[in-house]
Every structure is written in C-alpha cells, then in structure tokens.
Amino acid sequence: MPLLPRSALAAGAMSAISTSTSTSTAGITNWSARAHQPCHPSWPYQPADFTRLDPGADGAFYAAARFVTHIDDAAIARLRAYYAAALPRRGRLLDFCSSWISHYPPEIEEAARAGALQVLGTGLNAAELAANPVLARCVGKSGTQWPLVRDLNAYPDLGDVLHEDEVLDAATCVVSIDYLTRPREVLEGLRKRMKKGGTVHLVVSNRCFPTKVIARWLRIGEEERLNMVGGERLTLRTRRCCTLLTMRRLSCLFWME
Numbered sequence: 023m024p025l026l027p028r029s030a031l032a033a034g035a036m037s038a039i040s041t042s043t044s045t046s047t048a049g050i051t052n053w054s055a056r057a058h059q060p061c062h063p064s065w066p067y068q069p070a071d072f073t074r075l076d077p078g079a080d081g082a083f084y085a086a087a088r089f090v091t092h093i094d095d096a097a098i099a100r101l102r103a104y105y106a107a108a109l110p111r112r113g114r115l116l117d118f119c120s121s122w123i124s125h126y127p128p129e130i131e132e133a134a135r136a137g138a139l140q141v142l143g144t145g146l147n148a149a150e151l152a153a154n155p156v157l158a159r160c161v162g163k164s165g166t167q168w169p170l171v172r173d174l175n176a177y178p179d180l181g182d183v184l185h186e187d188e189v190l191d192a193a194t195c196v197v198s199i200d201y202l203t204r205p206r207e208v209l210e211g212l213r214k215r216m217k218k219g220g221t222v223h224l225v226v227s228n229r230c231f232p233t234k235v236i237a238r239w240l241r242i243g244e245e246e247r248l249n250m251v252g253g254e255r256l257t258l259r260t261r262r263c264c265t266l267l268t269m270r271r272l273s274c275l276f277w278m279e
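Counting from 1, position 60 in the sequence shown corresponds to residue 82 in our numbering; the numbering is continuous, with no gaps.
The following block contains the structure:
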C-alpha cells in the first residue's frame with residue numbers, strides 16, 4: 023500500500039500512565055515542553071472515528087515482512103536523541119507495535135545487551151520481531167513467549183500477557199497508535215503493569231497506510247492528531263501531559279500519573 027507522501031516525523035506523544043522509581047525523566051527537561059490542555063472535558067469520539075477503509079484482519083495485511091523504516095533518517099536521529107534522554111537504562115521496557123527495529127539509541131541497546139534492561143516486544147509479524155536484536159527472547163512468568171505476535175485491535179489488553187510481578191518502567195510505540203481501534207484499552211492495560219513513575223512514549227508521524235489508519239486520522243491535521251492522542255488518556259488516571267516542541271517538525275506528548 024502507498025504511504026502518504028511526507029516522510030519526516032511530524033508529531034508524537036510521550037505519555038507516562040504510571041510511575042516508577044527506576045525511571046528517570048530528568049533528561050526530558052532539556053527539551054522545550056508545554057502543558058497539554060485537552061480540547062474536550064470528556065471522551066468526544068464516536069465508534070465511526072475508529073473504523074478503517076480496510077476492516078480486514080490486520081494479521082493478513084501485515085503477513086509479509088517489511089524490512090523498511092517508516093520515517094526518514096533525520097526523524098530517526100531526533101527520535102533516538104529523545105529516547106537517550108527519556109528512557110531508563112535499567113528495569114523492563116515494552117516496545118508495542120514493534121518490528122525489526124525499535125529506533126533505540128546505543129545506550130539503550132548496550133543496557134539490553136548487558137542484561138540491565140529487559141526489552142519486551144509485541145508486533146504483528148514474527149519475522150520482523152525475530153530480526154530485532156534489542157528484543158528479549160524469553161518466556162515470561164505468565165507463560166508468554168517473547169517477542170509476542172499479537173493483534174492489539176483484537177486483543178488490546180496488554181496487562182494479561184504480563185505477570186503481576188512483571189511491571190514496566192517504560193513503554194514505547196512508534197508511528198502505530200493511529201492504527202489502534204481500541205487505544206484506550208491498550209493504554210489502560212499498560213497502566214495496570216506500570217511502575218510508579220513509569221512512562222509511555224507514543225510517537226506519531228505524518229505518514230500512514232491510509233487503508234489501515236483509523237478514519238478520523240485522515241480527516242484531521244497534525245495539531246489535532248496530537249490532541250486526539252492526548253485525549254485518549256481522558257479515561258485514564260494520568261497526572262500530567264506535556265507537549266515537547268524542540269525537535270524540528272516533531273512534537274510529542276508526555277504524561278505522568
């Protein structure tokens with residue numbers, strides 16, 4: 023399927039839906055931020071907003087491995103710089119909607135190799151996940167085989183694949199939140215497994231598979247897309263939401279419970 027033409031990372035959301043003593047957000051202060059103000063006092067979206075042009079099974083659509091990057095090199099460099107400032111070096115990190123590359127900086131990759139940081143991954147293509155060197159190959163306490171092939175639109179609760187002792191220090195999702203038809207359920211599942219102080223980082227680009235992205239995404243501009251991602255936390259017990267502004271053509275939401 024063709025991608026929408028623009029290639030640079032345009033918008034993103036970094037959100038913390040729980041808290042963790044092992045997660046440091048001190049480096050984020052190096053990025054210019056503004057408080058995110060929800061445009062609506064309650065959930066404003068309708069079921070039709072989360073329909074798609076192609077309602078077919080996601081597993082079938084993503085059955086063929088795509089060993090490509092969906093954002094350009096400049097956007098990847100900016101994202102890695104942000105991750106270097108924001109992500110923990112110890113504990114447990116979940117990359118959901120992952121693929122063959124997670125765009126983590128060398129510091130995170132080294133922490134994973136050294137065993138200080140466990141990086142779990144979920145995605146829709148087994149070959150892509152198998153090719154991602156930063157993802158842990160293990161069986162979790164709940165019996166989950168990692169990396170995990172999972173359709174989050176069919177099975178959105180990530181809390182049920184993690185044992186109650188397998189809490190997360192952080193989670194990331196790169197250019198995929200706009201494909202989720204049940205994003206609140208996905209984020210709520212993450213919240214249940216987050217340590218105090220944990221962060222969830224949702225990165226949004228201005229490219230997409232137009233037949234698979236949610237319907238409202240195609241009707242709105244980049245600023246409203248950020249508002250929509252921020253609005254998806256309305257039913258969650260989050261404490262703080264900020265928009266990072268300093269990355270050229272990239273702004274991000276960050277929130278904390």
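We put the beta carbon where it would ideally sit given N, CA and C, even for glycine.
Being a predicted model, the structure only gives us computed values, none of them experimental.
Straight through space, the alpha carbons of residue 136 and residue 143 are spaced by roughly 18 angstroms. Unbroken beta strand (DSSP E) stretches of 3 residues or longer found wholly inside the stretch 118–191: 139–145, given in chain order. 79 is the residue among 64, 79 and 210 whose C-alpha sits nearest the C-alpha of residue 201. Distance check between residue 222 and each of 214, 172 and 228 places 214 closest, using alpha-carbon atoms only.
In the structure shown, residue 197 adopts coil according to DSSP, grouped into three states.
The C-beta of residue 77 has fewer than 16 other C-beta atoms within 10 Å across all chains shown, which makes the residue exposed. Residue 239 counts as buried, since at least 16 other C-beta atoms from the protein chains shown sit within 10 angstroms of its C-beta.
Partner residues in a beta bridge of residue 243, as assigned by DSSP, do not exist. Taking the CA atoms as reference points, residue 139 sits about 21 angstroms from residue 182.
One thing to note: residue 191 has its Cβ within 9 angstroms of the Cβ of residue 114. With at least 16 other beta carbons inside 10 angstroms of its own, residue 118 counts as buried. DSSP places residue 225 within a strand segment (E or B) once states are collapsed to three. The continuous stretches of alpha helix (DSSP H) do not include residue 63, and DSSP gives it neither H nor E.
By the beta-carbon neighbour count (other beta carbons within 10 angstroms, threshold 16), residue 164 is exposed. In this structure, residue 211 sits away from residue 146, with a CB-CB distance that is not shorter than 9 angstroms. Contact annotation: the stretch 148–160 touches the stretch 119–132, with at least three C-beta pairs closer than 8 angstroms.
When the Cα atoms are used, residue 247 and residue 68 turn out to be separated by approximately 15 angstroms. Relative to the Cα of residue 226, the nearest Cα in the group 177, 206, 209 and 195 belongs to 195.
Assignment of residue 114 by DSSP, reduced to helix, strand and coil, places it in the strand class. Secondary structure at residue 105: helix, using DSSP grouped into helix, strand and coil.
The alpha carbon of residue 229 has as its nearest neighbour, out of 184, 97 and 63, the alpha carbon of 97.
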